[in-house]
Structure formats: C-alpha cells, structure tokens
Amino acid sequence: MDRTSRYHHQSVTPADIPLIRSFMSNAQVGADVPWNWLCDRLSFTFAVSCTMHETSEDEWASRAAIFRDERGDIASIVLTEGENRGECFFMSEPDELPEPLIREMFDFAIEHSSSATDDGRRGLYLRVDPRFPERARLAIELGFTRAGWSEPLARMAIEPFEHGVTADSASVVACGGAPDGYTLIEAPDPRLKAECHSRSFGYADDSEMRSRNEAGFHKLTTMPDYAPFLDLMLIDSNGEPAAMMGFWHDPLLRMAMLEPAGTVPDHRRRGLGSVLIDAGVARLRRLGARSLWVGSDQPFYLGSGFTVVHRWDVYEKVW
C-alpha cells in the first residue's frame, strides 16, 4: 500500500495560527464534547507557554504539521504544547482518519514532536480521544503503552437568559461584583498577571521566569481570540493581585474556556475563584455561550459547578 499517494504534510509557520484555529473550530461545529483543542489552548500555548519555557516560535512550529489530501484540503494537524515535553495531539474532523494518514502522523510525531528525557532517550506522550479507536490501536502496534492517567475535560452549562431578559438589558457588573476589600478589573497589566501567576504557582523568586511570563502575557493580548473584557483579576485594597482568571469564547461552537487561573496563597479560601467564575459566566452568557470548559478535575472546579464529562487517554513511548 502506498502510504504517501494521497496525503502530504507541510511545515507549520507562526503565520498558520489562524488557519489552525479555523480548522479546529470548524471541524467541531455541532459537537457536544470537543475532541480538538479549543481556542484557549492554542492561544496560551503559542503565547505564554512557549515564551515562559524559552521555546521559540520557529522551534514550536517545527514540531507541528498540517496534513493535506490530494485536493489540497486540510485533513489533519499534529500539534504540541510549548513546554517541549513531548506532549502531542492529533486534530481532525469528527470521523476517524484513514489508516495511511494516521501512520504518517505517527511517523512525523515520533521524528519531530518527541522530546529528550532526563536519561537521554526520547519520549512522546500522545493524547487519544477514545472516540477514535483506530489511533489507539495503531499506537499499541507502534510500541506505545497506555498510561495510567488521562486528561480530563470538565464542563459547566451556561443557561440562557430567562424569558424577557436580553443581553442588552442584563447587567454584567451586577452579576459579577467583587467582595469587600477587593476590586474586579479587566485586562490587567501583564506585569500584574505575571506577578499573580508566579505567586500562585510558586516561582515568585525566579525573576527570569517571571520576566518571561510577563512577556508571554503581553503576547497573549495579541492573539486573535483574546478579549480584554474576559481577562479578569481581583486586586486587594493595596492594588496587589489576589486572583486571576482568563476566559475565551468561540462563537461558532458557542463554547467558552477557562485559562489561566490562579489565586495567591494569602488570598485563598475566600471564595475569590468562585467570584471570578461568576463574573466570567455573566459576560459569556451575554455572548451566547452555552458551556464553559476547563481541562481539570480539581476539587475546586468540581465544587464550582463543573462536571467531568470526558477524558482523553494518554499513550506514551520512550526509546
């Protein structure tokens, strides 16, 4: 069987971001549960993760590929995240791909998307949605093993406005106020976001990483799907960041996403995360979103109205 007769792949460039985003979204129209990335992950990976982990745009692009069929139409895409840890994802239409194409995608990923391990070997960690069993079968055939963990997809339903209430008449501010001692702001300065993120995730003493993350958050504001009024932060009475949460919206899918989120340790257990979710949902409801997604099964999210509705399996190979 000639595996290269119908498909060919092209190298990705940073200029292909809108094309990739469009394919992932258009492929999932009408879907109840996504199988491709949503726009938040593409935006955060390219802008923040790559910058934070010193992965250049060209280096990230070299680990990704767009596969086209004989007509020149996009058939699938291979993507990785910005940390260069060998995490790999296959983007596609809803139907399973032909076996020759899947094999070509595996060939590319093994050669270009894998990363060095601590012991000097190579590793690839592929997410496979269980709705695509042929990918899982071929992964086992090619020497992958199924990992003992999976990547969760949690969803919160966003109810539409009650009858007689419109987006124009509903008050976002009233639905998303700040608790005493805090102020809710939109589109915070990237410096504040980097400070909040670093203190929330324990690298505040690493000035170089904090500086890179500030640059990454600045770059995030240039992504096509970034909306300033969905980029939220609570600051305390001294103007210091207490908690942050970013929201994204795909109007075609009527799906919204939450990324990133963090609360400074001194401000935890005060309900700030719930306040930010309420403020985000109020804004998203006005936009017509019908669901809010997060890639986590942490107790906070499950206690805030999210339910894990699906998981992506992980298949790993180290050689």
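Start counting the sequence shown at 11; every next residue gets the next number (this note's numbering). All C-beta atoms, glycine included, are put in the ideal place defined by N, C-alpha and C. Source: prediction; values computed, not measured.
Just grab the DSSP bridge partners of residue i for me.
i, result
"residue 136", "98, 325"
"residue 192", "246"
"residue 304", "164"
"residue 295", "According to DSSP, which records beta bridges pairwise, residue 295 is partnered with nothing at all."
Apart from the five residues on each side of it in sequence, which residues of its chain come closer than 6 Å, Cβ to Cβ, to residue i?
i, result
"residue 300", "168, 264"
"residue 14", "With a pLDDT of 48 at residue 14, under the threshold of 50, the modelled position of that residue is not reliable, and the figure given next carries that caveat. Within the same chain, residue 14 has no close Cβ partners at all."
"residue 81", "none"
"residue 198", "243"
"residue 297", "259"
"residue 99", "89, 137"
Can you tell me whether DSSP reads residue i as helix, strand or coil?
i, result
"residue 319", "strand"
"residue 115", "helix"
"residue 181", "In this prediction, residue 181 scores a pLDDT of 42, lower than 50, which makes its location untrustworthy; no coordinate-derived value is stated."
"residue 169", "coil"
"residue 270", "strand"
"residue 162", "strand"
"residue 125", "strand"
"residue 174", "Per-residue confidence for residue 174 stands at a pLDDT of 48, beneath the threshold of 50, marking its modelled position as unreliable; the derived number appears in the next sentence. Note: residue 174 maps to coil in three-state DSSP."
"residue 264", "coil"
"residue 131", "coil"
"residue 156", "strand"
"residue 108", "coil"
"residue 290", "helix"
"residue 283", "helix"
"residue 147", "helix"
"residue 142", "coil"
Which same chain residues end up closer than 8 Å to residue i when comparing Cβ atoms and leaving out the 5 residues on each side of it in sequence?
i, result
"residue 28", "234"
"residue 159", "324"
"residue 18", "77, 78"
"residue 157", "135, 323, 324, 325, 326"
"residue 39", "262, 263"
"residue 232", "57"
"residue 228", "200"
"residue 164", "303, 304, 305, 306, 307, 311, 312, 316, 317, 318, 319"
Looking only at its chain, what residues have a beta carbon closer than 7 Å to the beta carbon of residue i, apart from the 5 residues adjacent to it on each side?
i, result
"residue 162", "305, 306, 307, 318, 321"
"residue 245", "192, 193, 195, 251, 252"
"residue 112", "144, 145, 148"
"residue 260", "35, 48, 49"
"residue 103", "37"
"residue 115", "77, 86, 88, 100"
Can you list the alpha helix (DSSP H) stretches of 4 or more residues lying completely in the segment 17–105, in chain order? 27–36, 49–54, 67–72
Please go through the segment 194–262 and give each complete beta strand (DSSP E) segment of 3 or more residues, from N-terminal end onward. 241–246, 251–260
Counting pairs of Cβ atoms below 8 Å between the segment 62–81 and the segment 15–24, do you hit three or more? yes
With three or more beta-carbon pairs closer than 8 Å as the criterion, would you say the segment 55–67 touches the segment 86–105? yes
Does the count of Cβ pairs from the segment 280–289 and the segment 135–144 closer than 8 Å reach three? no
Under 8 Å: do the segment 106–123 and the segment 284–298 share three or more Cβ pairs, one atom per stretch? no
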